[in-house]
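Visitor: What follows is a structure written as structure tokens; I'll ask about it next.
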Amino acid sequence: MSGQGYAEGRDLGPPASRTAGPGGPPEGGPTGGLRVSGLGVALPDGRGGHQTVLELVDLRVPRGRLVVLLGPSGAGKSTLLAALLGLLPTGSLVRGHGWWEADGAEPVDLVDPGAAARERLRGRVAAWLPQAPVGAMTPVLTVGHHLTEKARVHVPASRVPAVVGEVMRRHDVDPAWRRRLPSQLSGGQAQRVSNALALLGDPGLVLADEPTTGLDRPRARAAADGLAALAHDEGRAVLVVTHDLRLAEEAADAVIELDGGRSRGADVPVGEVIARARGASHRMAPHATTGQRLQAAAVRPPAAAAQRPDTTPAGPGLQASAEDPGTGEGPGLGAVDLTLRRGRGTLVRSGVTLQVRPDRTTGLMAPSGAGKTTLLRTLALLHRPSEGQVRLDGRPVRGTGYAVPAAVRRRIAFVPQDPRQGVDPRWTLGRSLLEPSRLVGRTGDDTEVARMLDRVGLAPELASRRPDEVSGGQLQRAVLARALALDADYLLLDEPTSMVDAATARAVVRAVHEHQHATGCGVLVASHDEELLRTWCDVVVEW
Amino acid sequence: MTAEGWREVAGARSRPWAGTRRVVRRAGSGPWWIALGGLVVLVLLLGAGAADQRADFSQAFLPPSAEHPFGTDQAGRDLLTRSLAGARVSLLVGLVAALVSSVVGVVVGGLAGSLASRGRGVVDGALMRLVDAVNALPHLVLGIVIVALLGPSLGSVILSVALTHWTTTARLVRAELLALQGAGFVEAAVGAGAGRWWVLSRHLLAHVLGRVVLATVLMVPHAIMHESALSFLGLGLPDDQASLGTIIEQSRTAVLAGHWWPAVLPGLLLVALSLAVFALGERLRPASRGRS
Amino acid sequence: MRLRERLHPARSPLTGLVVGRLLLLPVLVAAVTLVMFALAQRTPFDPVLASLGERALTMDGPTLEAMRARVGDTGAVQQWAAWWGNALQGDLGASSSQRAPVATVIAQRLPWTLGLMSAALVLAVLGGVLVGGLAGTRPGSWADRLAGGGLLSLQAAPPFWLGLVAVWVSAVWLGWLPTGGATSPGSGAVRPLDVLSHAVLPVLVLALSQLPWFGLVVRDATRDALAGVPVRAGWARGIATSRLLRQHAVRPALLPLVTVLGVRVPELITGAVLVETVFSWPGVASATVDSALRLDFPLLAALTVLTTVLVVLGNLAADVAYRVVDPRVGQRDG
Amino acid sequence: MRTLRNRYAAPLSSAVVAGLLLAGCTDPTTTPSGDDEGAAATSSGATEVVVATGGEPDSFNPVLGYARWGDGKIVEGLVRLGADLEPEPVLAQELPEVSANGLTYTVTLRDGVTFHDGQELTAQDVVATYEAALDPENGSPVAADLTALESVEAVDERTVRFTLAHPQSAFVTTTTLGILPAGQVDATSPEDVVGTGPYQVDGYRAGERLALTANPDYWGEQPEVTRATFLFVDDDAARAARLASGEVDAALLPAQALGRFEDDGAYDVVRRDTADFRALVMPEEGEVTGDPAIRAALHQGLDRQALVDGALAGAGRPAYGPIPPEAPEYSDVVEVEVDPGAAQQGLEEAGWVEGADGVREKDGQRAAFTLMYPAGDTLRQNVALDVQAQAAELGIEVEPEGLSWEAIEPRMASDALVYGSGNPYNADLSTYPLFHSSRAFQGFDNPGGYDSAEMDAALEAGRAAQEESERVEAYATVQEQLAQDLPWVFLAYVEHDYVIESDTWEGYDVPLVEPHEHGLQGGPWWNLPSWTIAGG
């Protein structure tokens, strides 16, 4: 099959057009760039079959341009980069091409150049800026070792020291770091080393994977600027895959959306694509009252939310003055001046004050690692705060876990981020779903399980499956269904959409909305996805 | 998926990491594991009725033949029969020792794990220091001491193996309990109002037991090795309860006289037995792998 | 909370570790010997028979009974305290099985055991890295399967059996390698070449019995490294495949190997006991067996203490090495 | 692996060597007196011999049991027993002069004998050595031989007088005790043991080896073999291995391990007759073992020759009593015609009838007993297995059980035991401790608890006999009692096998009958000083 497919690929010939993309190359600069046409990728699913991740992707990245490929987690963005770099897992199937056109040379297909050509290409054409720079370096080798090794790919041994010195100067890598191991670098230092490593040898194409993950705003902006400079100042073709709308907004020359394995928006101006992505919240079909509030939230300037909750009540939403989320008084689930530590005492955050009100959806926006999960677990009475109080309807709750009366515990439902952790792997989904009702002495039956599954849009057959027999998205919804079945007064959701596809995310949001509409419970959603929170919540607290 | 146009990327199979995925998938499966597992059963069944053989010195040291596949020993006894009986003794000693050490391990680990999670860190700490201490003892030397002082017998061999090997299980149980305390599904049950007993009986027990069974099975080859080493050193089971180690020990002199089979063949059986039990454990592994 | 702070005062984790273990050591050694003395009390262990050895069998009955009558019955704790009292003053007692002061026996035999163990360890590590690296960098290949099956089988093979097979092969077939002792019996001198030729088989067998574990560790770690992002990133950077395998797959796999060497000390001792017995190597490990078989209590007690100390120090070395060599450990949360 | 090899290979491989050298260079096991240069200079093959014996003797001090029969190469006694079991003078000028009442023995010492350290041998040395052996503090096994000795005194520098409490006909055989200088009777390490023998200690490693060189000042003839190294190798397999790899010239080997060496012309197998018997001790208290019919059936029904051919691999001869046929005290009254049919018939007549499982029964008692043997002793294990097989034919169930001596001792009163002992020199020693009622359960003496007034009287008479004929008569009674009561079932004298490099030495093949104890003293090297170099 592969031989035949390869031959067909050749028969198609190189693309005729060599004109630059929208805007054209900078004057006097290099021509050419990346042109992905009709690319599809199917990954082996581990059971002998294949799962199509990319259906049909077309995009072009001319030299001197920065193109952002937008898409939610799991949309296949990283797979696209893997296909271009030759890093697809063994047994993957591809179709279409990713042509790389260099000055006047014969275009080469980066996706499938043939084994011999791949050996010539790798490391020379495309630079990969992986998501976590430290994790992409071999932990036992020093920075200097990495750089020297890379330099030897490109230049004879005699010139290696000079080349390494040059690239270190250019990328601001302190000579003292040469002897450090990757783990001894800070995040910013690692980023610079990673850049130096990737760009040594002067590749024409830069492929960056989620460059802003885990960075706060200023550092994310710096990263975006750096990438833009690679395109605009150095004339490289830069392709950035991300789900960060702001990055796209700030740095992109063109934005392409990836959804359902297909690319869209190649011919549309950046602003429009971003606006459409922002507006995508309408797909989540909120219930009426929330829907109205959304409009107001969407137009609010982003910076307004960036205040510390301990100094000023954060997230001045529509009714901010009436519903001050910071006092911990009155009805609601409140955090009052909490100090959160994790593990053996690492300080996560202090002075946390927050109020989850009934029939309201509160959003908590923070980057990864900021302590969202710790706060949610504290509010769910699973984690003991080192200082401060959790108040339920104004009364402080003492203790955690078993120490709290069961009736009190049942008033708060918590949906953890990773659904695989959330259900007993030995139990069928049906048994897990019935656990809350069994705990209060009711013996649930199949119809009850079927109703619960239906609420989150799952088929009743899933009740007899075990967790490892369903997909992550299905499991996420099942865990949500169990939480909803508690009929709790407060529902705490930790990154409910980060690990699922767009369809599941929509189903999750819809189910929560319907439940809230029916019961009037208070909801707290923690996420790093600004767009999700802005379009969903009544109040957003930003850390 | 549309059938046409898909192709495999040329040269992908030669990438350095190409095989890693295949290996992970293949681990713990395959018919030869099952075949080896069958050997254990075979040994248990065939070894059962073979103990009482009378000596017949006219048949001493016959090389392997159709009649005596393992040959005969210095007293003219069929070595295959003796080896199978010996393997059964080895296996039983291994099983009992592994069981005893698992019981000790579960008690200590369970105590430490549940106390640690209730904030009784001092007891937990003390128990874990005990585990460290026992771990710091040289197993075979301690076994030698125990057997030497208690006198060689089935009981002291089992005791000496069990007393030195419970720490693995104890650590495992404690770690498992602590990890499960924070597992999402336990927290979910607690959040839904479950009490300690509910969580213990419905969730924890099944998980921990699965692990313990696996650890016990994997400990059996180790215990067999210890037993045979002690027997080989003349500190293990006496000749009339010959285990494989004893049989090999008795054949040491014969090897030099050119009679290789009494030492080599039972040794091969010992290797096969250990591998078989190990393989059985590997088969159990995916079944008891709950999380992740 | 306060208690915890008191138990774990603020200090460098490494010093804390070392100090803690070194404090644990005397307690452990004291406990082990106490258990030994207590066991000796409630067993058929007969000090008179033990000290007489074979002589007891040919000895005049009345004389034997008279000697028994003279040995007073003292409690385990008193015996234990007396033993330690003497030991701390440098008197470890006399070994009946070796007919020499215990201290002399250990001083004479320890170098042989340490020599055997260190040579075997070096060979085992080298061989393990070679086999494990070869197999690990070719996952799923026939070489990998062969190495995997071979290592597992070798691991399942008891060292004493390997030793016997080696003796059989070399004594019955080859006939030119000495199969026992450490020096040629004819001369009193210790000549390096002579020792080397005697050491070949014991060292090889001990190395072979330790090799599978190292090989499997290296193979798995290499395979893990191979499946990780750094190898892919290196490949995408254009690093040559052979170099990639060496530097980015095998080399990271050596790290866990180096750090867990100390943990293997008990297994190494186990192997040494068996190998020394098979090859009549004049080390402490075979003396342990002798002393146990002849109930030579003073020597057995001293050797148990010695091996316990060795194992604890090995574990400590492993932990320290782990923290020193792997900079990532210190930075992990909690 | 290139980088790895370049950078680490050299230090690693040197570490291997260094590790071994560390062991070698610091080897403290050679004695300071060990003369390495001498060894190198005289490495002319045949003048040196390397012998692998069994385990190391417990002591090299004759007072503590070394060279009990006067055959030590380092120490010498007043007399020694020749291959014909006749005493011959060594340090004594001639055989002791016995007084008429048999109570005083007077010995005149040989002239010009010096110890290895240059001291001259005097009567005081003899007295000190014997007094040390009598001292209960020393726990000397020799004391058992000297029960009759009341006092020993130096008449003058050259004359020693022994005074006995009662006459003992065999007293001369006990004057084989090796003589030490008066100041060194409590020496423990072989390096401190100073004798008058043809060889002196030239290097010793505990548990490993003892090296001897010819004593240049020896009073007698200089030996041709000037250097002998004895390796102590407990393990039969290891001994065979070292012999096979040519490291040693001669070794003690069990018959089972002879295989290859018997067919190999480069080796000479020396098989020695012995008085080293193996017997079943039948406890008096045992329901089955104490039954006369059972004992008689085993005595008559066990085929000794088959046992020798099978369990002993031919290395032995049938035994019917504790005294070997070579000894003058031997009486053929103990011998029996093996007849399993008659044995079975005897059992039937005594009421032992065959049960459902083929095992005989009498009054609900099954004819079954446990037979203990020391674990790890392959020979006794084989004997036990053969007895089990043969007894099964008679309808008696024997269950062999290998145990440590500690475990055996408390069970000797109830369970049968495979026992080994015997010497050709002294009938008193090979019977009195084993069968006299006063010795019942004393240590390992009289393990079955046999108690017979007639036997006690006969043993005492034998011990006190002055005349040869009187003694022979007494032991005839002893053997008659044994044949009648059958407290033990004697099975075989075990032959001792030795392998020696052929065509190198001569003179080792003497018709010696060895005692139970063998190793350093026995074997072809029993008369090492009189070996001659072949073709020389």
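Protein chains in written order, with this note's numbering: chain A, 6 to 548; chain B, 4 to 295; chain C, 6 to 339; chain D, 108 to 643. For each residue, glycine too, the CB sits at the ideal point set by N, CA and C.
Going by beta-carbon coordinates alone, are V46 of chain B and A90 of chain B separated by less than 8 Å?
Guide: Closer than 8 Å, so yes.
Visitor: Mind listing which residues of the region 144-163 of chain C have their C-beta closer than 7 Å to chain B's C-betas, in chain order?
Guide: Those would be P144, G145, S146, L157, S158, A161, A162 and P163, in chain order.
Visitor: Using a Cβ-Cβ cutoff of less than 6 Å, which residues in the same chain neighbour W595 of chain D once the five nearest sequence positions on both sides are dropped?
Guide: Closer than 6 Å at the Cβ level, and outside the excluded window around W595 of chain D, lie A386 and V388.
Visitor: Determine whether the Cβ of A254 of chain C lies closer than 8 Å to any Cβ atom of chain B.
Guide: It does; some Cβ of chain B falls within 8 Å.
Visitor: By the criterion of Cβ-Cβ separation under 8 Å, what are the contact partners of K155 of chain A in chain C?
Guide: Within 8 Å Cβ-Cβ: R242, G243 and I244.
Visitor: For the beta strand (DSSP E) that contains V546 of chain A, what are its first and last residues?
Guide: Run containing V546 of chain A: V544 to E547, per the beta strand (DSSP E) assignment.
Visitor: What's the C-alpha gap between G435 of chain A and G449 of chain A?
Guide: One C-alpha to the other measures close to 10 Å.
Visitor: I'd like to know if F235 of chain B contacts chain C, where contact means its C-beta is closer than 8 Å to some C-beta of that chain.
Guide: So, interface residue.
Visitor: Which one of B:G40, B:S104 and B:G14 has the shortest CA to CA distance from R123 of chain A?
Guide: With distances taken between Cα atoms, R123 of chain A lies closest to B:G14.
Visitor: For V376 of chain D and R349 of chain D, I'd like the C-alpha separation in whole angstroms.
Guide: Approximately 16 Å, taken between the alpha carbons.
Visitor: Please work out which residues of its chain come closer than 6 Å, Cβ to Cβ, to E504 of chain D, disregarding the five sequence neighbours upstream and downstream, and give them in chain order.
Guide: Correct list, in chain order: V466 and A475.
Visitor: Within 10 angstroms of the Cβ of D191 of chain D, are there 16 or more other Cβ atoms? Answer buried if so, exposed if not.
Guide: Exposed.
Visitor: Determine, using beta-carbon pairs with one atom in the region 400-414 of chain D and one in the region 497-515 of chain D, whether at least three such pairs fall under 8 Å.
Guide: Enough Cβ pairs lie closer than 8 Å, so yes.
Visitor: What residues of chain A sit near E252 of chain B, judged by a beta carbon separation below 8 Å?
Guide: Correct list: empty, because the minimum Cβ distance to chain A is about 45 Å.
Visitor: Hey, V157 of chain D and A240 of chain D are a contact pair by Cβ (cut 8 Å); roughly how many whole angstroms apart?
Guide: With 8 Å as the limit, V157 of chain D and A240 of chain D do not qualify as a contact, their Cβ atoms being about 32 Å apart.
Visitor: Determine, using beta carbons only, whether R177 of chain B comes closer than 8 Å to chain A.
Guide: Not closer than 8 Å to any Cβ of chain A, the Cβ of R177 of chain B fails to qualify, so no.
Visitor: Quick test of the definition: if touching needs 3 or more C-beta pairs under 8 Å, does the region 126-135 of chain A touch the region 83-94 of chain A?
Guide: With the cut-off at 8 Å, the region 126-135 of chain A and the region 83-94 of chain A touch.
Visitor: Could you check whether G154 of chain B and A514 of chain D sit closer than 8 Å to each other, using their CB atoms as the reference points?
Guide: Cβ distance < 8 Å, so A514 of chain D and G154 of chain B count as in contact.
Visitor: Would you list the one or two residues that DSSP bridges to S100 of chain C?
Guide: Looking at the DSSP assignment, S100 of chain C forms a beta bridge with C:A105.
Visitor: Helix, strand or coil for I417 of chain A per DSSP?
Guide: Strand at I417 of chain A.
Visitor: Three or more beta-carbon pairs under 8 Å between the region 592-606 of chain D and the region 414-426 of chain D, yes or no?
Guide: Taking 8 Å as the limit for Cβ pairs, the verdict is that the region 414-426 of chain D does touch the region 592-606 of chain D.
Visitor: Taking T485 of chain D as the query, report the chain B residues whose CB atoms sit under 8 Å from its CB, ordered along the chain.
Guide: Residues of chain B passing the Cβ test: Q77, Q253 and T256.
Visitor: Can you give the beta carbon distance from L315 of chain C to S296 of chain C, rounded, assuming they're within the 8 Å contact cut?
Guide: About 17 Å separates the two Cβ atoms, so there is no contact after all.
Visitor: Could you check where the alpha helix (DSSP H) with E535 of chain A kicks off and where it finishes?
Guide: Unbroken alpha helix (DSSP H) run through E535 of chain A: E535 to W541.
Visitor: Going along chain C, which residues have a C-beta under 8 Å from F542 of chain D?
Guide: Residues of chain C passing the Cβ test: none, with the nearest at roughly 12 Å.
Visitor: Excluding five sequence neighbours on each side, which residues of the same chain lie with their C-beta closer than 7 Å to the C-beta of R346 of chain D?
Guide: Excluding positions up to five away in sequence, the list reads A159, V340, A358, L359 and L360.
Visitor: Could you tell me the alpha carbon to alpha carbon distance between E444 of chain D and S544 of chain D, rounded to whole angstroms?
Guide: Rounded to whole angstroms, E444 of chain D to S544 of chain D spans 29 Å at the Cα level.
Visitor: Tell me the DSSP secondary structure of D499 of chain A in three-state form.
Guide: It is a strand residue.
Visitor: Using CA atoms only, rank isn't needed, just tell me which of B:P66, B:R80 and B:L233 is closest to P157 of chain B.
Guide: In the sequence as presented, Pro is not what sits at residue 157 of chain B; that position holds Leu. Closest option to L157 of chain B, Cα to Cα, is B:L233.
Visitor: Output yes or no for whether 8 Å exceeds the beta carbon distance between G38 of chain A and A280 of chain A.
Guide: The answer is no: Cβ separation not under 8 Å.
Visitor: Give me the Cα-Cα distance between L260 of chain C and V170 of chain C, rounded to the nearest whole angstrom.
Guide: C-alpha separation (whole angstroms): 33 Å.
Visitor: When burial is assigned at 16 or more other CB atoms within 10 Å of the CB, is G502 of chain D buried or exposed?
Guide: Counting Cβ neighbours within 10 Å, G502 of chain D comes out buried, since at least 16 surround it.
Visitor: Would you identify the three-state DSSP class for I251 of chain B, choosing helix, strand or coil?
Guide: DSSP places I251 of chain B in helix when its eight states are reduced to three.
Visitor: Measuring alpha carbon to alpha carbon, tell me which residue in C:R251, C:W286 and C:L279 is nearest G138 of chain C.
Guide: Per the Cα distances, C:R251.
Visitor: Find out if the Cβ-Cβ distance for the pair G146 of chain B, L298 of chain C is shorter than 8 Å.
Guide: No.
Visitor: Nearest to D535 of chain D by CA position, among D:Y557, D:S521 and D:R578, is which residue?
Guide: Of the candidates D:Y557, D:S521 and D:R578, the one whose C-alpha sits nearest the C-alpha of D535 of chain D is D:R578.
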